[in-house]
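Chemist:
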Amino acid sequence: MEIDLTSQILIQELAIWMDGGSIKLKCTNQKKQEFEIEFVQNVNWEILEFQKLPGRIYLNENLIPKRSVMEKKIIESLETALFTNSSDIEETIFKEKINYVKSEQFILDSNKIQIRKR
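Given below as structure tokens:
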């Protein structure tokens, strides 16, 4: 099922991981589609081959190519998303993640990633 990102997104839950800054958004849209968007931490650049790529976005556990049309759709739809229940700090962290993905630093940081085998 393809997620309609043009339909208003409602962020039901924002989970913050203790791994250096990953957040996971549990979302629905006006078409009642449920999905998750994860912004992976951008602090630890050395990872094992099975780990998610630092600084990147995943939609329902699928890596979104950087600077792709899909990434742009996700960011644009999240910029107008509504929260059902959130604190000021959660909304601040959320906005920081959006701004990071839109920044030039996002591109520069991708060169820092070092993937190790187990």
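No gaps in the numbering here: position 103 of the sequence shown is 143 in our numbering, and each next residue is one more.
Ideal placement from N, C-alpha and C gives every residue a C-beta, glycine not left out.
These numbers come from a predicted model, not from an experiment.
1. Between the Cα of LEU54 and those of VAL141, LYS152, PHE79 and MET41, spot the shortest distance and give me the residue it belongs to.
2. Starting from THR124, follow its DSSP beta bridges and name the residues at the other end.
3. Could you give the DSSP three-state label for THR68: helix, strand or coil?
4. Leaving aside the five residues before and after ASP44 along the sequence, list all residues of the same chain whose C-beta is less than 7 Å from its C-beta, in chain order.
5. What's the C-alpha gap between ASP149 and THR124?
6. Hey, would you say GLN145 sits closer than 8 Å to GLU86, going by beta carbons?
Modeler: Considering the structure as presented:
1. The closest CA to that of LEU54, considering only VAL141, LYS152, PHE79 and MET41, is found on PHE79.
2. Answer is none; THR124 lacks a bridge partner.
3. Of the three classes helix, strand and coil, the one that applies to THR68 here is strand, per DSSP.
4. Correct list, in chain order: ASN69, LYS71 and GLN73.
5. Spanning the two alpha carbons is a distance of roughly 32 Å.
6. 8 Å or more divides the Cβ of GLN145 from the Cβ of GLU86.
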